[in-house]
Structure formats: C-alpha cells, structure tokens
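Peer 1: My questions all concern the structure below.
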Amino acid sequence: MNYRNLRPALRLGMLPAAVAVALVPAIAGAQEAPASQATTLDRIEVTGSRIKRVDMETAAPITTISRQDIEAAGELSVSDFLRNNVYNSFGSTRESSGSATGSFSTISLRGLGSAYTLVLLDGRRMTASGSLDGGAANINMIPTSAVERIEILREGAGAIYGSDAIGGVVNIILRKDYEGLTVAAGYETSSGPGPNGNTFSVSGGVSSDRGNVTFVLDHQERDMMYNRDIRGQLADAGYAFGLSTYNSSATFAGPGGLVSAPNCDTFENSYRISPTRCGFDHGATSANESSLSRDALLINGNFDLTDNTSAFFRGLNSNTESLGVYASAPVDNAGRGPGVLPTIAASNPFNPFGVDGTLYYRFTPLGTRDSVRRDTHREYTLGLKGMNDLFGGADWELAVTHGKSALSSVNYNYGIGSTLQALIDAGQYNPFDPTHPSVAAAGPMVGHTVLVETANRSFGADGHIGFDLFDMPAGAVSVVTGFEYRDDRLDVVYDAQSAAGNVFGSAGAGANGERAYYAGYFEALIPVLDTLDFTLAGRYDSYNDVGSKFSPRVSMEFRPIDSLLFRGSWGEGFRAPTLADLYGASSATNLNSPPVSTANPPHPGGDELACAALQAAQTAIGNPAYQPYPVNPCASTDQYVWIVSSNENLIPEESTNWGLGAVWSPNANVSVALDYYDVELENVISTVPRGVAFRNGDNGVPGYGVIRGNPIIAPNGAVLPGIPNQIMLPVDNGAVQTVRGVDFEANYRVDTGAAGSFNGKLTWSHTLEYDFTPIVGGTIEYAGTAGYPEDRASLALGWSRGDFDVTLITNYIGSSSNDAPDESLPSWVTYDLQAGVNLPWNARVALGARNLANKQPPYNDNLYGFPYYDNGLYNIYGRMMYMNYTQNF
Numbered sequence: 000m001n002y003r004n005l006r007p008a009l010r011l012g013m014l015p016a017a018v019a020v021a022l023v024p025a026i027a028g029a030q031e032a033p034a035s036q037a038t039t040l041d042r043i044e045v046t047g048s049r050i051k052r053v054d055m056e057t058a059a060p061i062t063t064i065s066r067q068d069i070e071a072a073g074e075l076s077v078s079d080f081l082r083n084n085v086y087n088s089f090g091s092t093r094e095s096s097g098s099a100t101g102s103f104s105t106i107s108l109r110g111l112g113s114a115y116t117l118v119l120l121d122g123r124r125m126t127a128s129g130s131l132d133g134g135a136a137n138i139n140m141i142p143t144s145a146v147e148r149i150e151i152l153r154e155g156a157g158a159i160y161g162s163d164a165i166g167g168v169v170n171i172i173l174r175k176d177y178e179g180l181t182v183a184a185g186y187e188t189s190s191g192p193g194p195n196g197n198t199f200s201v202s203g204g205v206s207s208d209r210g211n212v213t214f215v216l217d218h219q220e221r222d223m224m225y226n227r228d229i230r231g232q233l234a235d236a237g238y239a240f241g242l243s244t245y246n247s248s249a250t251f252a253g254p255g256g257l258v259s260a261p262n263c264d265t266f267e268n269s270y271r272i273s274p275t276r277c278g279f280d281h282g283a284t285s286a287n288e289s290s291l292s293r294d295a296l297l298i299n300g301n302f303d304l305t306d307n308t309s310a311f312f313r314g315l316n317s318n319t320e321s322l323g324v325y326a327s328a329p330v331d332n333a334g335r336g337p338g339v340l341p342t343i344a345a346s347n348p349f350n351p352f353g354v355d356g357t358l359y360y361r362f363t364p365l366g367t368r369d370s371v372r373r374d375t376h377r378e379y380t381l382g383l384k385g386m387n388d389l390f391g392g393a394d395w396e397l398a399v400t401h402g403k404s405a406l407s408s409v410n411y412n413y414g415i416g417s418t419l420q421a422l423i424d425a426g427q428y429n430p431f432d433p434t435h436p437s438v439a440a441a442g443p444m445v446g447h448t449v450l451v452e453t454a455n456r457s458f459g460a461d462g463h464i465g466f467d468l469f470d471m472p473a474g475a476v477s478v479v480t481g482f483e484y485r486d487d488r489l490d491v492v493y494d495a496q497s498a499a500g501n502v503f504g505s506a507g508a509g510a511n512g513e514r515a516y517y518a519g520y521f522e523a524l525i526p527v528l529d530t531l532d533f534t535l536a537g538r539y540d541s542y543n544d545v546g547s548k549f550s551p552r553v554s555m556e557f558r559p560i561d562s563l564l565f566r567g568s569w570g571e572g573f574r575a576p577t578l579a580d581l582y583g584a585s586s587a588t589n590l591n592s593p594p595v596s597t598a599n600p601p602h603p604g605g606d607e608l609a610c611a612a613l614q615a616a617q618t619a620i621g622n623p624a625y626q627p628y629p630v631n632p633c634a635s636t637d638q639y640v641w642i643v644s645s646n647e648n649l650i651p652e653e654s655t656n657w658g659l660g661a662v663w664s665p666n667a668n669v670s671v672a673l674d675y676y677d678v679e680l681e682n683v684i685s686t687v688p689r690g691v692a693f694r695n696g697d698n699g700v701p702g703y704g705v706i707r708g709n710p711i712i713a714p715n716g717a718v719l720p721g722i723p724n725q726i727m728l729p730v731d732n733g734a735v736q737t738v739r740g741v742d743f744e745a746n747y748r749v750d751t752g753a754a755g756s757f758n759g760k761l762t763w764s765h766t767l768e769y770d771f772t773p774i775v776g777g778t779i780e781y782a783g784t785a786g787y788p789e790d791r792a793s794l795a796l797g798w799s800r801g802d803f804d805v806t807l808i809t810n811y812i813g814s815s816s817n818d819a820p821d822e823s824l825p826s827w828v829t830y831d832l833q834a835g836v837n838l839p840w841n842a843r844v845a846l847g848a849r850n851l852a853n854k855q856p857p858y859n860d861n862l863y864g865f866p867y868y869d870n871g872l873y874n875i876y877g878r879m880m881y882m883n884y885t886q887n888f
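Just so it is clear: in the sequence shown, position 8 is 7 by numbering that gives the first Met the number 0, and no numbers are missing.
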C-alpha cells in the first residue's frame, strides 16, 4: 500500500502534538512492527522535522536505537553507549581522574566537538552543563532506565531545532505512557583492570481513561580505576610508568640546567632517570578514571483536560557524585601566576648547589589531591497540547521549561604558592628532603581546598501550530510554524585564592554572563508529485549579545518506486560563542606544542627557540645527550602551561551542510541505506596553532607572549633561552573546518520458524575529509592521521527462539597513522556477547561480556602522555562481564 496517496484524506489533527517523536526509518534497525500496526494511517513526528507525516522514511538520515539495542550492548550507562557509537567519529570526553571534566561525558558527532552536537530530551534541548561553559550537555546525567529509544539525526538541523545543531542531533526519547511495574538490577566486573559497576531501577506507570503517569527511579555506580591497576598491563605492552620532573625531592633548575639532590632516589615514589636526576612516579597514587554514582528520578505525565486539549508534564532530577584522585600537587604557581615556579636563593641554608635556581617541586605532605564533585540536573517541562478547527484542522502545543545543570566541586590538598615561597625564602622549608621536619610542619600552613561552583540556568518557552495549508494533486501542503524563547545564565565561581591565581596544582577560571534568545521558524512539506516531495524550512535566531541570523533549509524526497527512496538536503546554521568564550577569565591549561607544517616557515613543534639553541650547544660541546630543560624542547609531545583568554569581540560561527542519500527496502525484512554528508564551518572560534602562538610570543607579536625563566648557561658558555613558564593563547574567529564522509547502514531480519529468528545490522561510517584551516597557516588534513581514524563500524547479529536470545556485536575502529611507524595506531576490534532468557515468572536474565577477547587499546608513547592511549576513543577495561535481571509485575 502506498501511504502517500492517502494524504489528502488525512489531517494533522488526527494525533495530538505530544505524540512522541517517532520511530523510525527502516534503515534505523528498530524491531519490525506487528502486521496489525503496519497499516496504521496516523501521522507521526520524526526527528529532523516537526511536520507529522505518514511516511516513516524521510529526507533526514536518522539512526534509531531501540531500548532493546541499548540493553543488548550491555553498557552500564547511556553515555557509555553513545560514546561507542560509530558516528562519535573520533571519541569524546569521558569521566577521567585528573581532569576538569572528571564527572562529565559528551558526544561529538562527526568529530566536530560536543558544542556542535545538539542533545534533545523528547524533542526539546537538554539544559547544557555549566561546567562545560553552557556549550554542551553532560550526558552522564541521563538515567539509562528512563530511555525509551534514541534517535540520531546525522546532519545539521539549524532550521528545525536551533542554529547550533551543526554536527547533528541526538534525541533522547524518555519513557511515557507506561503501565505496570518493572524492577531491574545488574552487576558488572572485569577480568582485567576495569572497575566494578552496578545498576538498580524501578519503573512504573498508572493509567486511566483521562491520562497516564510514568515514573522511573534509576541508580548506577561505577568504582574508581587506579593507575596502579593498569601497571602490569602497560608493562606487558612494553611501556613504563611515566615519571614527572616535579618531584617530592625538588629538581633544581640552575644556570647549568636540571639536577636533583644526590640522594633523590631514596624517597618514596622517586626514581632515578639519569646519574644526576630523579623523576616522580605520579601514577603510583593517582586514578585513571573517576568513580561515578548517579541517582535519578523521571516523572512523565499527561492528562486530558477536554476532548481536544491535554496537559503534559515532565520532571527529571539527576544527581551524580564523583571522586577523582590525582598525584600530590606540583608547585606550578609560586604566587605569581600559573607556570611561574618557586625559586631558591644561593644563600638558602637548604640549597646544596650554591647558586640561585628554580624548583620543579611536588608538595607531598598533604598526600594526593582528592576531588569530590556533585553534579545536579533539574529539568521541568509543563505544557498544553491540542487540536482545533483553525485552517481546517490544526494541532498545537505550548510549553515552558526550566532547567539547571550545576556542579559543586570540593578539591582537597592543593596549596598556596606564595606561602610556600615565603617559607623557602625564610630558610624554613627544605624542598630537597620530603622527610625533613619542616615539610610536615608546613602542610597546614600551605594547604588549600579549592572550591568550585558552576551553574547554567535556563528558562524557556516554545510553541508551534501545524496544519494543512492547501491541497495539491499529490497531497496537502503541510505547514508548521512556531517560536522559541530562552533565557540563559552562566555562573562559574572559584574560591577567592583560586580566582586570584594563587593556588598551585589547580587550573580553571571563573565566568559569568547572561543572554536572551528568541527564534521564529517555519517548515513546509510540498508534495510536488506522488513520487516527489520538497520540504522548505527556515529559522530566525536572535541573541541579544551577538546578533541574529536566518538559517534556511531545503530537502528532497524522491520515490520512483515504493521500495526506493532518494533523498537530499541543504541548509545553513550558525553557533553563537559561549558566555565563557565572551566573558570568561583567563585560564591555564597544560598542552603540548605539536608541529605546524603549514606555518611559514613550518614549526617543528616543541619549544622552537630553545630547541635551536640547544642543538647548537650539543654540537659545540660534542654531547648530543646534554639536555638541561625539564622537557626536551625539540620534542612535540611534552606539555607546557598555556594561558587561554576570552574575547568579547567574538562573532558567531557559520555553517553550511548538505547531503545526498538513497534507501532501498525491497521488503519488510531488508533495508539498505547509503548517505553522503558535507559540513563546512567558517569563522570558527579557535586559537592559532600552538606552535605559532609560541613563535608569536617569542617574536613579540601583540596579544601574544612567552614568559621564560632565567637563561641557562651551557657548558661551553652559550646562553640558552630560559624555561617557558607561560605561553599566551588568545581565542579569536577565523578558522575553517570541513568534514565530509559516507554512512552505510544495512538491516536484515528473517524468521525461519523452528530455527528461530535471525537479524543483523551493519553500521559503517567513513570519513573522506576532515580538514582544519587555522587562523594562521594552511589547511591541515587530519582524516586518517593518528587519532583520527577514517573508519568506524559496528555489526550486530542476533538470534532468538522462544524465550532465548543471543546477540554478538563486533565493534571496529580503523587504523590511523602519521606516516611513521612510531606514530601509528593499529585497528581495534572488540566483540560483545550477550545471552538472555525469559523466565516463567515474568522475568528475564541476561549474561554477557563486553570486549570478549580482552583486547587492549592501542598504546603509543609518541602520541600520548601517560598512560599512552586515548581514553575518549578507546577504553582500557579489558573483558567486562555482567549479569542483568529484570522482573515485571
């Protein structure tokens, strides 16, 4: 049956506007609907369009992930599942100990960054995290058991959902209209270093002839994973634990370079790395990943006020608590700003070297730095929806939403640099002997607790009305028009000492700002022929601080035969700077200085100025091993302290995206889809390449700068540049980003009867181009280079018969390389297996293992610092075994 020919007989008012954003193109791999449902003629709303329609396949390339898909993957959380999605091209942030994002997780479609991926809850944007500067959502706050399904729109949708939906849209559909009670529990553990985890949830719903209330209580927790737990794993792979120059027995930087106390290797966690130097084993006490515990409550309800009007409500409360443990604080601030290290005079009674110098010192008397983070997410929506007789029959919806995403972080065992420097200057502190009585005595005087409070508050109102404007021979011209208003307020507050830049071992900066936003939009579906539809859409977004812009979109659907769909779309969008981009205080961050081959002349990476002088000195003295710096200035993987500053003159970024695709569904059991996507971003808010900023600072370019320590005198008397303490890195507009690629999805299902049912789903994404043109310098081609794999794929094979089912999932991340054997990453293939059985007492048990073959991530110490892998793209857990039990009442 061709549903399209029935359109003139249908009205948009046949369903309330609150019908859930609906399933599902056949390409998306959702379970096949029963035959009794296949002939339903109600119109439904599909992610990527606000127009309800009969056709479930549209011009928008959508991947639908059912609740069954999530359960079959056996992941602990929604964030784990989405991070492993093939369209999260190059990985994304996960909870990491030792990072400001220790309790956060994000998704980055097409590798563009989480700020370009719009996350929706039931079709409305999720309140962004204050700790992510209000620029992205923390998907760790989404309770897994509250999710009905996930729809991923794999193209920009600025004209539909907002100007910043550039990389794509992730629409989390929450459970509603549920009746009954379900209790579920799960436990997972690892055969390797992976942390244990457990889940517990209660889901229920009550219905009457006037409405329904659904509730979900969800608890999840995962233990901390310490770096010491992976020591053996790294050793088996041929890698040693990293040693830091910042040592508990201070490393002394004088005119001759770096040297340690003669007995430096007699102290705990201090190991000799050369005849004259020791390093600190920071991995012995630190954690690799933070612990995370989440409790959440979802209430979703609707109530019919009249035959044509109903009210709806959704409340989501989510709390997480996370603990991160880092090594004792390095003294990277002596009270004169980040990166400015403590000094010791030649006359100091504890100075064994007899000359003035700088100290690379780690303050150990207080122990490890422990960070306790408490994240809260509150989001409430209240609205009305209904039908009326306007325009011959229309449906409408009005809603208000209030959200607050906040973090309270208490960070113990940091220190005040000026206090420590004063003690050293007074000869009352011995930085070369961590067992000296003066060290323990100074702990209470120097120690400081860093307090951070962040919050992003958002109040919004939205509404739309949809109707058939007029009839054409091929069907009705359907129109939706609406508005959206939002008021956002960002507050990032540090304690007074941290805000003043006096604290060592910590980085971060305050920010605050407020903005008002409003938008008006329209969308029109025009059936030109029975086989050809065009959709026109436009949205006018206006910000009170950075201006406004109109974003158009046009898409096409062509069906020469019922089983074949050709589709295409073109659209524009723009992304406003975050409030922190505009008004945030300068912040310090530790980053490397990679090569910049497109600079003029090319930058080799590292500290270019110091490297050239050092190499000349090595040649002159005939000692290529001479290296007086804390890190090799000729290497590009070691880190420096960069001072990133905001810019009130930033303007919005602008995007253009287009795509073409085809979907072939010869029958109800087979579908194949191939889609091409193309995204270009201009005026990207960025910095110049770090190597260029380094060079600019040394050359005195206005707006840049490098603050160096005292010059170093080589053995031949040559004067070498001092150690760089701070490098200025301002943000600005002007970069260009392009990403192009191809997606392929295939689904197959067959029911053999006695042998059971078989199904398969292949998802593959190939990046053809991922180019970045910085503000200064030529285009950098990243696709296929190390850490930017061109291919990600997943193959899910399932079998079910009666009460039994088995699923095997193959996950593939392609190889990547910088065209050098020592800067290459092999492909990574893992297998997930799950077997489940439905029990006679209306229950289900599932047993499974993720990473069944215990495959380790690709390590590379030339590409990554300790522990030598990218935890946003891979994980180091090893084989994770789990059991889930579900009881229905």
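Backbone N, C-alpha and C fix where the C-beta goes; we use that ideal spot for every residue, glycine too.
(1) Could you give the uninterrupted runs of the beta strand (DSSP E) lying entirely in the stretch 306 to 330, keeping only those of 3 residues or more?
(2) Can we say the stretch 880 to 888 touches the stretch 833 to 843, given the rule of at least three CB pairs closer than 8 Å?
(3) Can you tell me whether residue 63 is helix, strand or coil according to DSSP?
(4) Consult DSSP for residue 281 and reduce its assignment to one of helix, strand or coil.
(5) Ends of the beta strand (DSSP E) at residue 697?
(6) Please tell me whether residue 245 and residue 361 are closer than 9 Å, where the distance is taken between their beta carbons.
(7) Of the residues 583, 153, 206, which one's Cα is nearest the Cα of residue 763?
(8) Going by DSSP, name the residue or residues bridged to residue 892.
(9) To the nearest angstrom, how far is it from the Cα of residue 49 to the Cα of residue 802?
(10) From this set, 349, 462, 322, which residue's C-alpha is nearest residue 382's C-alpha?
(11) With a CB to CB cut of under 6 Å and the five nearest residues on each side skipped, what residues in its chain are close to residue 38?
(12) Which complete alpha helix (DSSP H) runs does the stretch 59 to 128 hold, if anything under 4 residues is left out?
(13) Secondary structure at residue 240, three-state DSSP: helix, strand or coil?
(14) At which residues does the alpha helix (DSSP H) containing residue 442 begin and terminate?
(15) With the cut-off set at 9 Å, would you say residue 314 and residue 380 are in Cβ contact?
(16) Helix, strand or coil for residue 176? Go by DSSP, reduced to three states.
(17) What number of angstroms, rounded off, separates the C-alpha of residue 260 from the C-alpha of residue 543?
(18) According to DSSP, residue 205 sits in a beta bridge with which residue or residues?
(19) Take residue 302 and list the residues in its own chain whose beta-carbon comes closer than 7 Å to its own, dropping the five residues that flank it on each side.
(20) DSSP three-state label for residue 154, please.
(21) Distance check for residue 419 and residue 342, CA to CA, integer angstroms please.
(22) Enumerated in chain order, which unbroken segments of the beta strand (DSSP E) with a length of 3 residues or greater are wholly contained in the stretch 693 to 729?
(23) Measuring CB to CB, does residue 167 end up less than 9 Å from residue 157?
(24) Who does residue 836 pair with in a DSSP beta bridge?
(25) Just the C-alpha distance for residue 12 and residue 475, rounded to the nearest angstrom, thanks.
(26) For residue 219, which residues does DSSP report across the bridge?
(27) Report the option in 307, 562, 280 whose CA atom is closest to the CA atom of residue 672.
(28) What's the call for residue 178, buried or exposed, on a 16-neighbour Cβ count within 10 Å?
(29) Rounding to the nearest angstrom, what Cα-Cα distance links residue 714 and residue 721 in this structure?
(30) If you drop the 5 nearest sequence neighbours on each side, which residues of the same chain put their C-beta closer than 6 Å to that of residue 26?
(31) Taking only three categories from DSSP, how would you classify residue 614?
(32) Taking only the alpha-carbon atoms, compute the straight-line gap between residue 449 and residue 479 and give it to the nearest angstrom.
(33) Based on DSSP bridge pairs, tell me the residues matched to residue 638.
(34) Give the straight-line distance between the Cα atoms of residue 473 and residue 532, rounded to the nearest whole angstrom.
(35) Report all residues from its chain with a CB closer than 6 Å to the CB of residue 109; omit the five preceding and five following residues, and keep chain order.
(36) Using 8 Å as the threshold, is the stretch 249 to 257 in touch with the stretch 346 to 360, meaning 3 or more CB pairs across them?
Peer 2: Per the coordinate set shown:
(1) 308 to 325
(2) yes
(3) strand
(4) In this structure, residue 281 counts as helix in the three-state DSSP scheme.
(5) First-last for residue 697: 689 to 697, but that is the alpha helix (DSSP H), not the beta strand (DSSP E).
(6) yes
(7) 153
(8) Missing from the structure shown is residue 892; the chain here goes from 0 to 888 and no further.
(9) 39 Å
(10) Looking at the Cα atoms, 462 is the closest of the given residues.
(11) Here the model assigns residue 38 a pLDDT of 37, short of 50, so the residue's position is not dependable, and the following value carries that caveat. For residue 38, where only same-chain residues beyond five positions count, there are no Cβ hits under 6 Å.
(12) 66 to 72, 77 to 82
(13) coil
(14) 436 to 445
(15) yes
(16) coil
(17) Roughly 59 Å separates the two Cα atoms.
(18) Note: residue 205 sits in a beta bridge opposite 212.
(19) 209, 210, 309, 310
(20) Residue state, collapsed to three classes: coil.
(21) Residue 342 and residue 419 have their C-alpha atoms spaced approximately 10 Å apart.
(22) 705 to 707, 723 to 729
(23) no
(24) 803, 844
(25) Because residue 12 carries a pLDDT of 31, less than 50, the predicted location of this residue cannot be relied on, and no value is offered for it.
(26) 198, 293
(27) 562
(28) By the Cβ neighbour-count rule, residue 178 is exposed, with fewer than 16 other Cβ atoms within 10 Å of its own.
(29) 15 Å
(30) Summary for residue 26: the model assigns pLDDT 28, below 50, so the residue's position carries little reliability, and this model does not support an answer.
(31) helix
(32) 50 Å
(33) 591
(34) 9 Å
(35) 88, 166, 738
(36) yes
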